[in-house]
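Presented below is the structure to which this report refers.
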Amino acid sequence: MCNRNRVQDYRTKLPKAGVTFVHMWIPDASAPGFPAECLRQSGYNP
Numbered sequence: 000m001c002n003r004n005r006v007q008d009y010r011t012k013l014p015k016a017g018v019t020f021v022h023m024w025i026p027d028a029s030a031p032g033f034p035a036e037c038l039r040q041s042g043y044n045p
């Protein structure tokens, strides 16, 4: 079975199992300024 068919089968089975596909963008933790932005958003002031 080729990869495309496996993916299609997998994606067909998920909703039947009660699972929904969600596409999410997450921040890049290695980006410059990431730690400072986390602190800013958390309200933590050392």
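Heads up, the sequence shown is in numbering that gives the first Met the number 0, so the first residue is 0 and it goes up one at a time. For glycine and all other residues, C-beta sits at the position ideal for the given N, C-alpha and C. Computed from a prediction, not measured in an experiment: that's the story for all the values here.
Tell me, to the nearest whole angstrom, how far the beta carbon of residue i is from that of residue j; I am working on the premise that it is less than 8 Å.
i, j, result
"D27", "F33", "7 Å"
Helix, strand or coil for residue i? Go by DSSP, reduced to three states.
i, result
"S41", "helix"
"T11", "helix"
"V6", "helix"
"A35", "helix"
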